[in-house]
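Comments concern the structure below.
Numbering (this note's numbering), first residue to last: 23 to 303.
Put into structure tokens, the structure is as follows:
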């Protein structure tokens with residue numbers, strides 16, 4: 023497959039100042055531009071580029087990561103809500119013409135870009151919408167075999183956390199039910215402009231070969247969310263709103279707290295509840 027190359031020379035420095043590029047980071051958009059070329063290259067390498075031909079980068083800014091993606095064997099698209107960034111990309115990345123989408127990722131119908139094709143997602147994600155990005159990926163899991171990028175370290179760790187830990191929660195269970203989640207490396211604030219107040223973390227999600235759950239998936243989502251909304255309580259108490267019969271609630275699993283259950287146990291819990299949930303509807 024043809025490789026798409028950027029139309030400008032690579033800077034000699036390993037760091038870039040986005041203000042020099044005429045693009046200002048906007049606080050209301052949660053922008054912290056990555057300036058380190060080596061880290062950008064490492065992030066670009068987190069995808070396998072196998073099983074799909076197209077990659078979508080969210081929030082490319084001035085293209086520090088984009089440049090390295092364009093060196094890969096993939097058709098790169100970018101989606102950016104910031105007009106200044108879009109104007110910069112259009113004038114400096116001529117090979118991206120027609121593949122720069124000035125849209126809000128959370129609101130845009132990605133089917134207008136990719137149809138039913140498989141594609142990967144990557145990016146240096148704005149902290150303020152990063153969890154919403156993951157939830158949209160989960161909704162589109164049929165089309166997204168791979169996902170990687172940079173989050174606030176705490177959020178990245180939470181997504182990859184295993185049961186039995188305090189940071190384990192809704193996002194951990196729902197993500198790991200469909201994807202293999204791996205925390206890759208930590209990134210310090212000093213490589214961003216402006217620098218955030220916390221460390222960042224890069225993770226990778228690879229969709230499981232069998233990513234269909236052996237239960238009612240809508241009910242699974244509801245049970246996970248309801249359980250963790252009162253995470254200090256046992257499931258017997260946190261799931262009271264489901265109006266389950268007493269004999270079911272006597273099952274040993276209902277004596278556990280949600281953080282004690284892995285995603286497979288939540289599937290089993292859903293299977294136990296499903297006949298009663300269906301009959302009550």
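Note that beta-carbon positions come from the ideal geometry of N, C-alpha and C, so glycine has one too. The model shown is predicted, which means the values in this text are computed figures rather than measured ones.
State buried or exposed for residue i, treating a residue as buried only when at least 16 other CB atoms are found within 10 Å of its CB.
i	result
residue 127	buried
residue 177	buried
residue 117	exposed
residue 79	buried
residue 267	exposed
residue 233	exposed
Using the DSSP secondary-structure output, state which residues sit across from residue i in a beta bridge.
i	result
residue 149	Bridge partners of residue 149: none, in fact.
residue 276	Paired residues: none, contrary to the question.
residue 174	222
residue 228	168 and 202
residue 86	None; residue 86 has no bridge partner.
residue 142	77
residue 55	215
residue 122	100
Whose C-beta lies closer than 6 Å to the C-beta of residue i among residues of the same chain, with five residues either side of it excluded?
i	result
residue 168	69, 142 and 228
residue 301	With a pLDDT of 48 at residue 301, under the threshold of 50, the modelled position of this residue cannot be trusted; read the value that follows with caution. Nothing meets the Cβ criterion.
residue 260	249 and 252
residue 83	55 and 107
For residue i, collect the residues of the same chain with a Cβ closer than 8 Å to its Cβ; drop the 5 residues on either side in sequence, then sort them by chain order.
i	result
residue 154	128
residue 258	271, 276 and 277
residue 138	165
residue 247	192
Under 7 Å Cβ to Cβ from residue i, same chain only, skipping five residues before and after it: list those, please.
i	result
residue 292	237, 238, 241, 242 and 245
residue 23	Interpretation of residue 23 is limited by its pLDDT of 40, a score under 50 that renders its predicted location unreliable; no figure is taken from the coordinates.
residue 179	189, 205 and 223
Considering only their Cβ atoms, is the gap separating residue j from residue i smaller than 8 Å?
i	j	result
residue 73	residue 161	no
residue 181	residue 225	yes
residue 294	residue 273	yes
residue 282	residue 185	yes
residue 249	residue 280	yes
residue 101	residue 87	no
residue 170	residue 183	no
residue 156	residue 208	no
residue 235	residue 192	no
residue 336	residue 62	Summary: the structure shown does not reach residue 336, with the chain confined to residues 23 through 303, and so no result is reported for it.
residue 147	residue 165	no
Figure out for me which residue from the options has the closest Cα to the Cα of residue i.
i	options	result
residue 122	133, 108 and 64	108
residue 222	159, 124, 172 and 120	172
residue 199	66, 286 and 263	286
residue 219	175, 193 and 196	175
residue 150	189, 81, 130 and 209	81
residue 133	63, 263 and 163	163
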